[in-house]
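Here's the structure we're looking at; comments come further down.
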Ligand SMILES: [Zn+2]
């Protein structure tokens, strides 16, 4: 029994992986980390730039973020989700032509949905519930930056950064109570 026979061969060393090294390394498999990433959030900026995320995957992330924030406001009705689908479809050509648009497309879609909800149904989304705005007339939050990576919901009245897009805290239904109405 000589040690070098067991340790010295490449085959024994590779016993860890039933599948070839290439397959396991390609973590981008079909069962993507989509769901986990949705909770984990705004991954580093290194994702968008160098590596080319497929447009479809980027749009799915954007859609999930916007739907999450609609749900946080109690507005994730089928009609509202349809609005999101429309906005996603409308931006698809854009990210397919300009891949770096994936960094900013979520913010764009959120703004598209805001506009559509306000125009079509008069619904302001998402309403500001910042403590700083207690007692003010109700108003909606805005995406900042309008065209940039890492969009956040910001109250422009009080200059408060409320939450990143896709992380809006659950809001009470309807407009906040107005004091002295
Ligand atoms: Zn506010």
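In the numbering used here, the protein residues as written are 4 to 184.
A virtual CB, placed ideally from N, CA and C, is assigned to each residue, including glycine.
Segment contact: the region 118-128 against the region 82-94, three or more CB-CB distances shorter than 8 Å; contact assigned. Going down the chain, each residue whose beta-carbon is closer than 6 Å to a heavy atom of ligand 1 shows up: 131, 133, 136, 142, 158, 160, 161. Here residue 104 has 97, 98 as same chain residues with Cβ atoms under 6 Å from its own Cβ, once five neighbours each way along the sequence are excluded.
Look at residue 113 here: in three-state DSSP terms it is helix. For residue 81, no beta strand (DSSP E) run applies; the uninterrupted alpha helix (DSSP H) run containing it begins and ends at 81-100, by DSSP. The Cβ-Cβ distance between residue 86 and residue 79 does not fall below 8 Å.
Your pair residue 165 and residue 140 does not check out as a contact, with CB atoms roughly 17 Å apart and the cut at 8 Å. A residue is called buried once 16 or more other Cβ atoms fall within 10 Å of its Cβ, and residue 156 is buried on that count.
Under the 10 Å beta carbon count, residue 123 is surrounded by fewer than 16 other beta carbons and is classified as exposed. For residue 145, no alpha helix (DSSP H) segment is defined; the enclosing uninterrupted segment is the beta strand (DSSP E) at 145-147. Apart from sequence neighbours up to five positions away, the residues of its chain that approach residue 150 with a beta-carbon distance below 6 Å are 107, ordered along the chain.
CA-CA distance, residue 62 to residue 135, rounds to 33 Å.
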